[in-house]
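Numbering (our numbering), first residue to last: 922 to 1343.
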């Protein structure tokens, strides 16, 4: 058996691993105590305040829903945690809605079931509502991002045979798996490769692969690596066939990944139901913000009806206390985060990347499309009904600037609304 730190994280008793982060304290996967950094504590406090104040505010704003039984699709990955928590913790029920969560094998099926009306709403990759609304890869169909679900939470995983091939400039000829063309995984991997001088369309092969098949393909040598969702990056580590080359939070800290989507038709016909679902999802995002809740979340997500994966593997991805596959245990609370706010600047980056790589024409008005598809004003309004008005939001600007691979985006601001806050 080759030496590997993964075994230490499989222990349930006391561990010699030192966890050096700060208070407050919660159990970590290795059996020691895992503290929260200040940023995580602030997020947790925000979630606690939101949940504690939700019920009185909701009583004043609820209107009878037009449809009280909904079918909502999801792909069984950790990104769906807010959607799953909204059901498991009773947030949908508090809104008078019974939700039948439909586990779905892949993103094409998710798309088809949403568009044909089999699903009333669905877990979507955040580029999908933009792609569907502009006709990328499918006939144009107006789909809206009701809330964002998760931010960060992905990684580039490489086969162990590449442990000494860490420089992306040396990756020419390699094959990488991505879960879907219209995914942050694809767009971020392309941005990462091109940053290091590689043409993702010619110097490497990008292969659309269902996340559950990524680990098997890595083991078989069919791919050299993948940029995929959890729990599959961590599963490759635990099974000792891969290592985490880089977390996507290290490429762009705060990037969106998955959203909850509805068609424009459904929202128009069921405005109260739409608002109720949005409120439940905001409460679920607040629950997932709080680091202390993530151990419980890992237990829930591991159930057969949800992810049906090892609680240990899910927990390492959610808490940011994990084996990296190279003999070290890492602590990075930014590995997975959760926010319901679909910021326009994030959508603008997605649109520009889809134009860059030829998925949509350059003539499409990116800013107009994003402001139609990302329902940020409604999320802000519903957050205020949940007593968020007196709390610091992650950002009070529709177009907050961010850094990706060291570069600030948006680089040029085309309207006063796109300015950054002082």
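Idealized CB from N, CA, C, for every residue including glycine.
Assuming residue i contacts residue j (C-beta within less than 8 Å), just tell me the rounded distance between them.
| i | j | result |
| --- | --- | --- |
| residue 1146 | residue 1078 | 6 Å |
| residue 1320 | residue 1260 | About 15 Å; that fails the 8 Å criterion. |
| residue 1019 | residue 989 | 6 Å |
| residue 1264 | residue 1297 | 7 Å |
| residue 1098 | residue 1149 | 7 Å |
| residue 1062 | residue 1036 | 5 Å |
| residue 999 | residue 1326 | With 8 Å as the limit, residue 999 and residue 1326 do not qualify as a contact, their Cβ atoms being about 24 Å apart. |
| residue 1070 | residue 1169 | 15 Å between Cβ atoms; not a contact. |
| residue 1164 | residue 1084 | 6 Å |
| residue 1179 | residue 1304 | The pair is not a contact, with the Cβ atoms about 19 Å apart (cut-off 8 Å). |
| residue 997 | residue 1228 | 5 Å |
| residue 1030 | residue 995 | Incorrect: roughly 11 Å between the Cβ atoms, too far for contact. |
| residue 1048 | residue 1103 | 5 Å |
| residue 1111 | residue 1278 | 6 Å |
| residue 1268 | residue 1252 | Rounded, the Cβ-Cβ distance is 31 Å, inconsistent with contact. |
| residue 1125 | residue 1093 | 7 Å |
| residue 1323 | residue 1175 | 6 Å |
Tell me, please, which residues DSSP counts as bridged to residue i.
| i | result |
| --- | --- |
| residue 1043 | 994, 1182 |
| residue 1258 | 1072 |
| residue 1177 | 1072 |
| residue 1099 | 1129 |
| residue 1055 | Bridge partners of residue 1055: none, in fact. |
| residue 1013 | BP columns for residue 1013 are empty, so no partner. |
| residue 1065 | 1183 |
| residue 1252 | 1242 |
| residue 1077 | 1148, 1167 |
| residue 987 | BP columns for residue 987 are empty, so no partner. |
| residue 1325 | 1328 |
Just mark residue i as buried or exposed, buried being the case when its beta carbon has 16 or more other beta carbons within 10 Å.
| i | result |
| --- | --- |
| residue 1100 | buried |
| residue 1225 | exposed |
| residue 1211 | buried |
| residue 1123 | exposed |
| residue 1155 | buried |
| residue 1041 | buried |
| residue 1346 | This structure cannot speak to residue 1346, because the chain is shown only from 922 to 1343. |
| residue 1090 | exposed |
| residue 1065 | buried |
| residue 922 | Confidence in residue 922 is poor, its pLDDT being 38 and thus under 50, which makes the residue's placement too unreliable to answer from. |
| residue 1141 | exposed |
| residue 1254 | buried |
| residue 984 | exposed |
| residue 1245 | buried |
| residue 903 | Since the displayed the chain opens at 922 and closes at 1343, residue 903 lies outside it and no answer follows. |
| residue 1237 | buried |
| residue 1087 | exposed |
| residue 1197 | buried |
| residue 1189 | exposed |
| residue 1050 | buried |
| residue 1331 | buried |
| residue 1060 | exposed |
When the Cβ atoms of the region 1266-1276 are set against those of the region 1105-1116, are three or more pairs found closer than 8 Å?
yes
Would you call the region 987-1007 and the region 1188-1201 touching, i.e. three or more CB-CB distances under 8 Å?
yes
Touching by the beta-carbon criterion (3+ pairs, under 8 Å), the region 1054-1065 and the region 1157-1171:
no
Cβ contact check for the region 1026-1040 and the region 1221-1234: 3 or more pairs under 8 Å
no
For the region 1130-1145 and the region 1212-1221, state whether three or more C-beta atom pairs, one from each stretch, are separated by less than 8 Å.
no
In chain order, which beta strand (DSSP E) runs of at least 3 residues are fully inside the region 1126-1209?
1126-1129, 1146-1150, 1163-1168, 1177-1184
Run through the region 1208-1250 for me and flag every whole alpha helix (DSSP H) of 4 or more residues, listed as ranges in chain order.
1215-1222, 1232-1240
Contact between the region 1124-1131 and the region 1292-1306 (3+ Cβ pairs under 8 Å)
no
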